[in-house]
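Engineer: The structure follows.
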Amino acid sequence: MRLGNRDGTPVDAVPFLVAASLTFALTFAFGPAYGLSLGLSLPVAVAASGVVYAVAAAGAYHRLVWTANPDVRREVPAGTRLLKLLYFVAAVFLLLLFLSILLL
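3 is the number of the first residue of the sequence shown in the numbering used here; add one for each residue after it.
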(Lines of atoms letter the chains of each structure in order from A and count residues from 1; the text may use other names and numbers.)
(Lines give C-alpha, C1' and ligand atoms only; values in the text may rest on other atoms or scores of the structure.)
Protein backbone atom coordinates (compact mmCIF):
# COMPACT_ATOMS: atom_id res chain seq x y z
CA MET A 1 0.00 0.00 0.00
CA ARG A 2 1.58 3.25 -1.13
CA LEU A 3 0.35 6.40 0.52
CA GLY A 4 1.21 9.89 -0.64
CA ASN A 5 1.75 13.03 1.38
CA ARG A 6 0.10 16.36 0.61
CA ASP A 7 2.68 17.00 -2.12
CA GLY A 8 1.98 13.65 -3.79
CA THR A 9 5.34 12.17 -2.79
CA PRO A 10 5.07 8.46 -1.90
CA VAL A 11 5.41 7.82 1.83
CA ASP A 12 6.10 4.52 3.60
CA ALA A 13 2.84 3.27 5.13
CA VAL A 14 4.41 0.97 7.72
CA PRO A 15 4.95 3.57 10.50
CA PHE A 16 1.34 4.71 10.22
CA LEU A 17 0.00 1.14 10.21
CA VAL A 18 2.09 0.23 13.27
CA ALA A 19 1.00 3.36 15.15
CA ALA A 20 -2.66 2.82 14.26
CA SER A 21 -2.52 -0.87 15.22
CA LEU A 22 -0.87 -0.20 18.58
CA THR A 23 -3.33 2.60 19.28
CA PHE A 24 -6.22 0.24 18.52
CA ALA A 25 -4.79 -2.41 20.85
CA LEU A 26 -4.19 0.04 23.70
CA THR A 27 -7.48 1.92 23.48
CA PHE A 28 -9.60 -1.21 23.36
CA ALA A 29 -7.52 -3.03 25.99
CA PHE A 30 -7.65 -0.28 28.60
CA GLY A 31 -10.49 2.01 27.49
CA PRO A 32 -13.55 -0.11 28.30
CA ALA A 33 -12.10 -1.17 31.67
CA TYR A 34 -11.51 2.44 32.65
CA GLY A 35 -14.93 3.42 31.34
CA LEU A 36 -16.58 0.75 33.46
CA SER A 37 -14.55 1.80 36.52
CA LEU A 38 -15.77 5.38 35.98
CA GLY A 39 -19.38 4.19 35.97
CA LEU A 40 -20.09 4.15 32.24
CA SER A 41 -22.08 1.37 30.66
CA LEU A 42 -20.20 -1.09 28.46
CA PRO A 43 -21.58 0.21 25.12
CA VAL A 44 -20.69 3.79 26.08
CA ALA A 45 -17.20 2.77 27.24
CA VAL A 46 -16.54 0.88 24.00
CA ALA A 47 -17.89 3.79 21.94
CA ALA A 48 -15.66 6.22 23.84
CA SER A 49 -12.68 3.96 23.14
CA GLY A 50 -13.63 3.98 19.46
CA VAL A 51 -13.74 7.78 19.43
CA VAL A 52 -10.35 8.00 21.14
CA TYR A 53 -8.94 5.53 18.60
CA ALA A 54 -10.39 7.46 15.65
CA VAL A 55 -8.88 10.74 16.87
CA ALA A 56 -5.50 9.12 17.55
CA ALA A 57 -5.47 7.37 14.16
CA ALA A 58 -6.35 10.62 12.41
CA GLY A 59 -3.50 12.35 14.26
CA ALA A 60 -1.10 9.57 13.31
CA TYR A 61 -2.18 9.80 9.67
CA HIS A 62 -1.66 13.56 9.69
CA ARG A 63 1.78 13.27 11.31
CA LEU A 64 3.14 10.14 9.62
CA VAL A 65 1.59 10.40 6.15
CA TRP A 66 0.03 13.74 5.26
CA THR A 67 2.83 16.03 6.51
CA ALA A 68 5.67 13.50 6.19
CA ASN A 69 8.84 14.60 4.44
CA PRO A 70 10.81 11.54 3.24
CA ASP A 71 13.97 13.62 2.77
CA VAL A 72 14.25 14.32 6.51
CA ARG A 73 14.76 10.62 7.27
CA ARG A 74 17.90 10.65 5.15
CA GLU A 75 19.29 13.62 7.12
CA VAL A 76 18.89 12.20 10.66
CA PRO A 77 21.64 9.73 11.66
CA ALA A 78 20.55 6.16 12.38
CA GLY A 79 21.97 6.32 15.92
CA THR A 80 19.75 9.27 16.77
CA ARG A 81 16.68 7.52 15.37
CA LEU A 82 17.49 4.38 17.40
CA LEU A 83 17.87 6.41 20.59
CA LYS A 84 14.50 8.08 19.99
CA LEU A 85 12.95 4.65 19.43
CA LEU A 86 14.38 3.34 22.70
CA TYR A 87 13.05 6.38 24.57
CA PHE A 88 9.64 5.79 23.01
CA VAL A 89 9.66 2.11 24.03
CA ALA A 90 10.56 3.09 27.61
CA ALA A 91 7.79 5.70 27.68
CA VAL A 92 5.19 3.21 26.40
CA PHE A 93 6.32 0.65 28.98
CA LEU A 94 5.96 3.20 31.78
CA LEU A 95 2.55 4.26 30.47
CA LEU A 96 1.31 0.66 30.41
CA LEU A 97 2.70 0.09 33.90
CA PHE A 98 0.93 3.23 35.15
CA LEU A 99 -2.36 2.23 33.52
CA SER A 100 -2.12 -1.27 34.99
CA ILE A 101 -1.41 0.04 38.49
CA LEU A 102 -4.43 2.33 38.33
CA LEU A 103 -6.72 -0.64 37.75
CA LEU A 104 -5.60 -2.40 40.97
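All C-beta atoms in this analysis are idealised placements derived from N, C-alpha and C, irrespective of residue type, glycine included.
Looking only at its own chain, which residues have a Cβ that is under 6 Å from the Cβ of Gly-10, when we skip the five neighbours before and after it?
Structural biologist: Same-chain partners within the cutoff: there are none.
Engineer: Using the DSSP secondary-structure output, state which residues sit across from Tyr-6 in a beta bridge.
Structural biologist: Note that residue 6 is Gly in the sequence shown here, rather than Tyr. Answer by DSSP bridge pairing, in chain order: Pro-12.
Engineer: Does the distance from the C-beta atom of Ala-21 to that of Gly-33 stay below 8 Å?
Structural biologist: Judged by beta-carbon spacing, Gly-33 lies beyond the 8 Å limit of Ala-21, meaning their Cβ atoms are not closer than that value.
Engineer: Taking DSSP as the reference, what is the three-state secondary structure of Val-78?
Structural biologist: When secondary structure is reduced to three states using DSSP, Val-78 falls in the coil class, being assigned neither helix nor strand.
Engineer: Spatial neighbours of Trp-68 within its chain, please: CB distance less than 8 Å, with the 5 preceding and 5 following residues excluded, ordered by chain position.
Structural biologist: Asn-7 and Arg-8, listed in sequence order.
Engineer: In whole angstroms, what separates the C-alpha of Ala-62 from that of Leu-106?
Structural biologist: 30 Å
Engineer: Measuring only the C-alpha atoms, how far is Tyr-55 from Phe-30?
Structural biologist: 8 Å
Engineer: What residue range does the alpha helix (DSSP H) around Val-46 cover?
Structural biologist: 44-63
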